[in-house]
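Just so we're aligned, residue 362 is where the sequence shown starts under the numbering used here, counting upward by one. Cβ coordinates follow ideal geometry from the N, Cα and C atoms, glycine included. Shown next, in structure tokens, is the structure this report addresses.
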Amino acid sequence: MTAGVSGGPLFLFALLLQVVLIHVFCSLPTVVHSKCILFNFGDSNSDTGGLMAGLGLYLGPPAGRRFFHKTTGRFCDGQLYIDFICESLKINFLSPYLESSGSNFSHGVNFAVAGAATEPTAIPFTLSTQVLQFFHFKNRTRELRAQGLGLLISEKGFRNAVYSFDMGQNDISIALSSNVSYSAVIEKIPSILSRIKDAIKSIYKNGGRKFWVYNTGPLGCLPQMLAFLKKNDSVLDAVGCLATVNNAAKEFNAGLWGLCNQISSKYKDATVVYTDMFAIKYGLITNHAKYGFVNPLMACCGYGGTPYNYRFSMQCGEPNVTACPVGSRYISWDGVHYTEAANSIIASKILSAKLQMRMVAESLSYAILGR
Ligand SMILES: *[C@@H]1O[C@H](CO)[C@@H](O)[C@H](O)[C@H]1NC(C)=O
Ligand SMILES: *[C@@H]1O[C@H](CO)[C@@H](O)[C@H](O)[C@H]1NC(C)=O
Ligand SMILES: *[C@@H]1O[C@H](CO)[C@@H](O)[C@H](O)[C@H]1NC(C)=O
Ligand SMILES: *[C@@H]1O[C@H](CO)[C@@H](O)[C@H](O)[C@H]1NC(C)=O
Ligand SMILES: *[C@@H]1O[C@H](CO)[C@@H](O)[C@H](O)[C@H]1NC(C)=O
């Protein structure tokens, strides 16, 4: 069963499932003051400053020029989709686990680190390391709680928390950018999935019960991928994206969908929500004009101009690299990451299913995820 197709019943399904998560896992909008706790594992798509804190690096302007009006370590001009989700849950933005100053973990922790993958990369924060960091955090919280110190997260808080995973993009794109055949890339997928499965299983065994899994986006539409891998126009799909690269993402997503079904039928007391980011992002690129976006395959911040405004040696944040004027409607911020304007629409798609659809969503989730 493929999960990565744009539009169609599965897309609708993914949106409906969000309602289950938001309104059953977390506070109903009418229930003021009840709170959701979110632990997130991932890469730059959801990194709120972890890489910069962890490695002591600095991501300079123009990153953060919107909303925060300062650099925050987000690979974006402003808010990420996860920030919009926190806003809608009425919780603080998630502090990065590795940020030692000014962090507030009372509503959760963000373990996501830009560049991370399930496999070791140049970035020493693989998915399994992020999960160990969570165990460390939980152990520490318990220890301090026993001494009457520190944190606000109780055992119940950990049990009822939502554990979200947005991983896989770097595994796939590293494989695609290395000099291996398409079939060699596809052959890597089962081991990527198995590491994601291990992560979810170990959190389940540790007491987690609510899992929110994001699939990977249309990597073949990223200006970086297009600038690297496009040989000629015959490799492009109707929208102008690299068809094979998107197929690799869809293969991964189909496997991830299968994995979510597996976990959900094996662990009857767990709830697994699967979000079809591919459909959401591909839909946004396809229908960009409807949302007022221009140049959907061109980076706002980059170098080289049309068609992709991306050059590996001249990336956003480096000297002489300029960004599109504030207020312009670009989907891609820096050739790899989405702009705040795009993230806001992506988040609203994730959250937009109508409240009255909730029961339908529950029965659908029962039917499809075996819950
Ligand atoms: C952390 O955030 C919570 C929720 O907004 C707030 O109640 C608490 O006072 C904050 N803690 C600190 C130390 O700022
Ligand atoms: C957490 O504590 C348990 C024992 O309570 C221990 O087995 C485990 O290794 C600890 N994990 C970390 C990462 O500290
Ligand atoms: C890529 O792989 C092919 C075949 O394995 C080899 O002939 C070629 O030299 C490699 N190219 C690079 C840049 O490594
Ligand atoms: C375009 O590139 C593909 C993949 O490298 C190649 O198989 C095909 O022959 C090329 N087509 C043209 C028209 O050059
Ligand atoms: C940036 O532009 C200035 C002025 O055009 C030039 O002197 C300098 O070498 C450029 N720096 C880089 C890193 O390209």
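Taking I692 as the centre and dropping the five residues before and after it, the same chain places the C-beta of L645, I646, H649, F654, P657, Y699, T700, A703 closer than 7 angstroms to its C-beta, in chain order. When secondary structure is reduced to three states using DSSP, K431 falls in the coil class, being assigned neither helix nor strand. Ligand 2 has a heavy atom closer than 7 angstroms to the beta-carbon of L493. For N608, the three-state secondary structure derived from DSSP is helix. Between L399 and G469, the gap from beta carbon to beta carbon is short of 8 angstroms.
When DSSP states are grouped into helix, strand and coil, G403 belongs to the strand group. P423 carries a coil assignment under DSSP once its states are collapsed to helix, strand and coil. Put simply, the region 520 to 534 touches the region 567 to 579. At least three CB pairs are less than 8 angstroms apart.
By the CB criterion at 8 angstroms, C621 and Y643 fall outside the cutoff.
Checking the 7 angstroms criterion, the Cβ of P422 is out of range of every heavy atom belonging to ligand 5. Less than 8 angstroms divides the Cβ of T433 from the Cβ of T409. Per DSSP, reduced to three states, the secondary structure at G663 is strand. Put simply, of S555, K592, T502, L455 the residue whose alpha carbon is nearest the alpha carbon of V523 is L455. DSSP places Y524 in the uninterrupted beta strand (DSSP E) bounded by 523 to 527. Sequence-distant Cβ neighbours of G415 in its own chain, meaning closer than 7 angstroms and more than five residues away, are L459, V474, F486. In the three-state reduction of the DSSP assignment, W573 falls in the strand class. When beta bridges are read from the DSSP output, A473 appears opposite no residue. Annotation: Y671 is outside any alpha helix (DSSP H) and is labelled neither H nor E by DSSP. One Cα belongs to E504, the other to F495, and the distance between them is close to 14 angstroms.
Collapsing the DSSP output to three states places A545 in a helix.
Comparing C-alpha distances from M638 to each of K627, P584, I624, F613 shows the shortest one belongs to F613.
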